[in-house]
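Remarks on the structure that follows.
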Amino acid sequence: MIKLLQRMMAIGLLTCSLSALATDLTVIYNKNEPKNFISLLEAALERTKNEGGFSIKASDTTFGTARAIDEIADNTGKLHILTRGSNIDEEKKLLPVRVPLDKGLLGYRIMLVRKQDLPKFAAIQSVDELKRLSVGQGSRWPDTKILEAAGFKVTKAYYSAGLLRMLTEERFDMFARATWEAPGGLADATKQGITDLAIEPTLAVYYPMPRIFMVSRKGEGPTLAARLERGLRAMIKDGSFDRIFTESFGPALEAARLHERKIFRVDNKFLSPDTPFEDKSLWLDVSVPYSAGAKKP
Numbered sequence: 179m180i181k182l183l184q185r186m187m188a189i190g191l192l193t194c195s196l197s198a199l200a201t202d203l204t205v206i207y208n209k210n211e212p213k214n215f216i217s218l219l220e221a222a223l224e225r226t227k228n229e230g231g232f233s234i235k236a237s238d239t240t241f242g243t244a245r246a247i248d249e250i251a252d253n254t255g256k257l258h259i260l261t262r263g264s265n266i267d268e269e270k271k272l273l274p275v276r277v278p279l280d281k282g283l284l285g286y287r288i289m290l291v292r293k294q295d296l297p298k299f300a301a302i303q304s305v306d307e308l309k310r311l312s313v314g315q316g317s318r319w320p321d322t323k324i325l326e327a328a329g330f331k332v333t334k335a336y337y338s339a340g341l342l343r344m345l346t347e348e349r350f351d352m353f354a355r356a357t358w359e360a361p362g363g364l365a366d367a368t369k370q371g372i373t374d375l376a377i378e379p380t381l382a383v384y385y386p387m388p389r390i391f392m393v394s395r396k397g398e399g400p401t402l403a404a405r406l407e408r409g410l411r412a413m414i415k416d417g418s419f420d421r422i423f424t425e426s427f428g429p430a431l432e433a434a435r436l437h438e439r440k441i442f443r444v445d446n447k448f449l450s451p452d453t454p455f456e457d458k459s460l461w462l463d464v465s466v467p468y469s470a471g472a473k474k475p
């Protein structure tokens, strides 16, 4: 009788273990997350549905960054996932999924400048020359700390609209933006009646800062992280990751023509040493021309 009870208990434990392996996940993301990253989230979980079902939904309210990190870290159930530029301090609180959602594109910065200064920028041949000029950035943007630590002179403001006005007023020399942000920034300037700005075409600054998923280290966070990494890597392998990337960033990346620019690399002292640079399949190669049409599988 005792052996029978032991066997029944063992079977019960095994059943519970197998059930745990096939966990149905509920994933709440921040209401203001970009749609392309939510597409990747849903597709990656769909790829691993043999490990359990899932449901995803937006948060009822939009969380600011600091509160979002706290909600996820404390596993309150109000928020389960966040996309962030990889940051070693935040990764002490949250569990990173080390697959760059943007192939590292977030770290490539092109400049909005005054049209009259275009010849001055075209003549720049080194990052030290570029550092003699001043750059405008958001007061709370992670890029600000990176650029300051790298030796750039940074002028700060809270909002992009204010930075555009400050640029045209010659309070700094350049406004560094992601490749897909620069065209929108120029359009915003035009709406404000600012017509003397242009996207500088000859150079870019690069600091490694991949955008990644971050989840809780508690509760189902590690299960979610593991599923996302497996799902994203499966998508990279079969080409479906590239399709979403191209739909999201292709036109802006093609227009930026990074392969023709002088790219000045600066260190990111806030990046985790665990960033998987050795896996070339995760990263964008900007040394070759990018064609949005050619990149679709």
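Taking the numbering used here, the leading residue of the sequence shown gets 179, the next gets one more, and so forth.
For each residue, glycine too, the CB sits at the ideal point set by N, CA and C.
- Across the structure, residue 259 and residue 391 are spaced so that their CA atoms are roughly 7 angstroms apart.
- Residue 459 carries a helical assignment under DSSP once its states are collapsed to helix, strand and coil.
- About 6 angstroms separates the Cβ atoms of residue 366 and residue 342, confirming a contact at the 8 angstroms cut-off.
- Apart from sequence neighbours up to five positions away, the residues of its chain that approach residue 389 with a beta-carbon distance below 6 angstroms are 261, 263, 279, 280, 284, ordered along the chain.
- DSSP, reduced to helix, strand and coil, places residue 389 within a strand of the structure shown.
- Collapsing the DSSP output to three states places residue 421 in a helix.
- In this structure, the straight-line span from the alpha carbon of residue 440 to that of residue 401 is close to 42 angstroms.
- Within the same chain, 427, 430 come within 6 angstroms of residue 358 by CB-CB distance, once the 5 residues on both sides are set aside.
- If you look at residue 400, you'll find it in the alpha helix (DSSP H) that goes 399-416.
- One thing to note: residue 223 has its Cβ within 8 angstroms of the Cβ of residue 409.
- Taking C-beta separations shorter than 7 angstroms and ignoring five residues to either side along the sequence, the partners of residue 226 in its chain run 405, 408, 409, following chain order.
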